[in-house]
Every structure is written in C-alpha cells, then in structure tokens.
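Shown next, in structure tokens, is the structure this report addresses.
Residue numbers (this note's numbering): 133 to 551.
Rendered as structure tokens:
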C-alpha cells in the first residue's frame, strides 16, 4: 500500500528494493513518538498519545451556538430557478458510476478496508444496490452512521514533530461515491457562487492569479514611500464557507471602512485574497480600520466555528508607517510583525533584483531529493522516470509565474545530469 504514493513504476522497477526502502523510510517518518499537550507537557506512552489526540479532536469538532445570520444577510442571490432545478433533478445510476470510476483504483483504505478498485471490478454486481441505497440516502437526507465513520491519520509537517500534525480523513468508498455525486453537481454552478478573490477548487480560477496579484501589491507597498495569509465534497463546502468571510469583508468595504489597496490610480481596489484556508488582507494601517477589521473574523468564527490560527498570523507594513502606529495596530489585532512577507502559496511574494538569491531554494530542494534517492535500488529507466516525474516538476510551478535566472537553470540541469 505504500506504493500508492508512487504512480510511476516502470521498466523493471515494479516491485524492487527501491519501493521497500521508500516504505521503510515513510514508516519511520510517519511514526508518532511524542505529542505535546495544551499545557506544554510532552507525552510519549501509547495511552497518553491516544488521550492527547482524542482531546484535540473533541475540542476541534465542538462548537458553541452558531450565529450565522450576519453572514447570511451579507450574501446575495446568485442561483437562478433553472440552476436550482438542475441541482434538484432526480439522481441516476450513471452519476454514481461516473463518481466511482473517476477515483484512483488503489487509494488509501477507509474503515471498510475496501479500495475503489474492488467496487470497480464488481460494479455490475454491486452497482444497482449502491445506486438505490445512495439515492435513498440523498433524497431522505440521511446517511447510515457506520458508513459515515472515518479514519483520521495524522501526517507530520516537519521532522519528528510533537504538535501541528496535519489530519487526513480516510473515508469509506461508498461515502466518497455519494459525496462525489453531490460534488459533481455542485461544481457546475460553483463559479456563480464564489467571488474572484478565491482561487481554490473552482474551474477557471487559478492559484497563480492570487500569486501575481499579491506580488504586485507587496511590490507596490515595499517600493512606495508616500501614502497609505479527503472528502470529494469537502473542498467545495470549504470554499462556500470561505465565501461567507469574503462577503463580510465586501460588505464592510462597501460601507466605507475598511479600505483595500490600489497599486496606482484607476486600478481596482483589492481588499483580500483567499485560497482554501490561506487569507491575505490588504488595508490601511490606521487604528480605526484595524478596529473595524477585527470584528469581521470574530463574526465568521461565531457563525461557522472556524478560528484564526494566531500563531501563523503576521502583519507587514509599508515603509512610511511610524513605529508608534505599528505598536498600536499590533496590540489591536493581537499579531506579531514580520519584516518581509517571504512566501505566499508556496512562491516568493516579493522578488527584487537578486533573483538568484530568491529562487536558490529550488536548487537546494532538488539536491536533497537526488541525494535522498538510493541509486543502487534503481535501474537507468528508474533514474530517468524519477527525474521527469519528480525533480523536473519541482520548479515548474514557480516557472508558471516567474522567470528563473539562466545560470540557476543551468546548475539545476547539471545536477540532474550527474544523477
């Protein structure tokens, strides 16, 4: 099952020492040896680890009485009667079949211990039963609790972490089939509901749009001297909830405060950029605007239960703001100041004249990859496949937006040639 992470076994590398080494290394990396409780006490025994994880998720999935009216009142209607009829049309077996066969056959298992490949192989036998059961569940708004159970796997973000692990939900295949049917219907009209400030999971919206807009605004702020961050359905539900935050920000902006940022006269005003759970806000550095801005996340949290991670919250100022103003605003918002914005959505948000220094981290990442791969476990075809599938893909995302220095590209090419 460890090979489910690697989809390029070719030319004599189908089941060799290489994949055994990958599985062994991944097992060591994913092993949770210790966790830190909220009171900063580190536990490393099995029962203690279970208690810490249970307490964390009990707290995470528990909310107070939601006050959703402010968000609902800020939303405008985008769905027509025809769109609504399209969403509510009767379900057919072809939707369930398309939902299943769009999944990879050997994805990680849920509590039912069956992968999509099993249901694909026996679809002629199981398909009608899955369709009738799923159709009944969707029409009645009821889903059996055993099928709704999920395995939550904690994935380390860093080496040997004791906190801040990323939870990944492994759902039952039947649950994913039913939820993907809804997701496939929803994505047809999603672009009508989601504003241009969100670039995640919406067809026609690109993550690079947010990167370029943020880069232009940060460059303008840095240079200017005068003037003033598992379930197929869950991504769509997430951005629909985030649209509530966007609507609150737009409503506040329409009332006159706070204001967004402009890079020049006549340019559109940008107040926020959203990508999944990453939020980038642009406002004037005044106590009045920050006080008004502080109430918006509080309304959003009260309505939907999503809280801001204060440990990751940072604020960046233009050069012409005073130290006294910095101190006052930091206290109002409860955040710490950063000297530079560094990266946004995995790319540098500010690129100066020394591009080589900014993009040199690509060379370091490729060097670590090529030195981590054990050459004796791979054939020549395996070397070539790894270079094409992994190493050459590392800078491709950045190169979609920025031009890398020629000498840096030459050094990366020489490194790959030597491997």
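A virtual CB, placed ideally from N, CA and C, is assigned to each residue, including glycine.
Bear in mind the structure is a predicted one, so any value in this text is a computation, not a measurement.
Mapping the DSSP letters down to three states, classify residue i as helix, strand or coil.
{"i": "residue 337", "result": "coil"}
{"i": "residue 368", "result": "helix"}
{"i": "residue 446", "result": "strand"}
{"i": "residue 191", "result": "helix"}
{"i": "residue 465", "result": "helix"}
{"i": "residue 490", "result": "helix"}
{"i": "residue 501", "result": "helix"}
{"i": "residue 330", "result": "strand"}
{"i": "residue 381", "result": "helix"}
{"i": "residue 477", "result": "coil"}
{"i": "residue 483", "result": "coil"}
{"i": "residue 212", "result": "coil"}
{"i": "residue 152", "result": "helix"}
{"i": "residue 357", "result": "With a pLDDT of 39 at residue 357, under the threshold of 50, the predicted position of this residue should be treated as unreliable, and no value is reported."}
{"i": "residue 167", "result": "strand"}
{"i": "residue 173", "result": "coil"}
{"i": "residue 244", "result": "coil"}
{"i": "residue 228", "result": "helix"}
{"i": "residue 511", "result": "coil"}
{"i": "residue 202", "result": "helix"}
{"i": "residue 250", "result": "helix"}
In its own chain, which residues sit with a C-beta less than 8 angstroms from the C-beta of residue i, not counting the 5 before and 5 after it?
{"i": "residue 299", "result": "189, 284, 285, 286, 287"}
{"i": "residue 260", "result": "225"}
{"i": "residue 258", "result": "251"}
{"i": "residue 266", "result": "223, 228, 306, 309, 310, 313"}
{"i": "residue 181", "result": "164, 166, 167, 175"}
{"i": "residue 385", "result": "391, 392, 401, 403"}
{"i": "residue 183", "result": "175"}
{"i": "residue 383", "result": "206"}
Which residue wins for smallest C-alpha separation from residue i, given the options the options?
{"i": "residue 206", "options": "416, 243, 380", "result": "380"}
{"i": "residue 424", "options": "257, 211, 264, 391", "result": "391"}
{"i": "residue 531", "options": "480, 158, 546", "result": "480"}
{"i": "residue 426", "options": "519, 461, 399, 457", "result": "461"}
{"i": "residue 253", "options": "238, 181, 265", "result": "238"}
{"i": "residue 160", "options": "176, 536, 291, 306", "result": "291"}
{"i": "residue 219", "options": "546, 233, 271, 172", "result": "271"}
{"i": "residue 387", "options": "395, 421, 366", "result": "421"}
{"i": "residue 536", "options": "456, 375, 490", "result": "490"}
{"i": "residue 468", "options": "454, 275, 444", "result": "444"}
{"i": "residue 520", "options": "548, 541, 378", "result": "548"}
{"i": "residue 441", "options": "209, 430, 334, 454", "result": "430"}
{"i": "residue 75", "options": "529, 171, 320, 278", "result": "Any answer about residue 75 is impossible in this case: the structure gives the chain only from 133 up to 551."}
{"i": "residue 295", "options": "541, 173, 497, 545", "result": "173"}
{"i": "residue 466", "options": "177, 454, 447", "result": "447"}
{"i": "residue 297", "options": "501, 502, 169", "result": "169"}
{"i": "residue 432", "options": "454, 377, 398", "result": "377"}
{"i": "residue 192", "options": "487, 437, 156, 293", "result": "437"}
{"i": "residue 516", "options": "177, 221, 551", "result": "551"}
{"i": "residue 158", "options": "289, 335, 256, 416", "result": "289"}
{"i": "residue 162", "options": "428, 293, 179, 463", "result": "293"}
Can you name, in chain order, every residue of its own chain whose Cβ lies under 7 angstroms from the Cβ of residue i, other than the five neighbours on each side?
{"i": "residue 543", "result": "495"}
{"i": "residue 364", "result": "308, 311, 312, 315"}
{"i": "residue 280", "result": "307"}
Between residue i and the ligand COA, is the CB less than 6 angstroms from at least one heavy atom?
{"i": "residue 434", "result": "Among the components of this structure there are no ligands whatsoever, and the ligand COA is therefore not found."}
Ordered along the chain, which non-local residues of its own chain (more than five positions away) have a Cβ less than 6 angstroms from that of residue i?
{"i": "residue 318", "result": "368"}
{"i": "residue 355", "result": "Because the pLDDT at residue 355 is just 49, under 50, the model does not fix this residue reliably, and the point stays unresolved."}
{"i": "residue 211", "result": "none"}
{"i": "residue 244", "result": "304"}
{"i": "residue 404", "result": "329, 381, 413"}
{"i": "residue 185", "result": "none"}
{"i": "residue 324", "result": "210"}
Do we get a CB-CB distance below 7 angstroms when we pair residue i with the residues of chain C?
{"i": "residue 306", "result": "You won't find chain C in this structure, because it holds only one protein chain."}
If we require 3 or more residues per run, which beta strand (DSSP E) segments fall completely within the stretch 252-320? 282-287, 298-303
Which whole runs of the alpha helix (DSSP H) in the stretch 384-458 are 4 residues long or more, in chain order? 419-436
Return the chain-ordered ranges of every beta strand (DSSP E) run that is complete within the stretch 518-549 and spans a minimum of 3 residues. none
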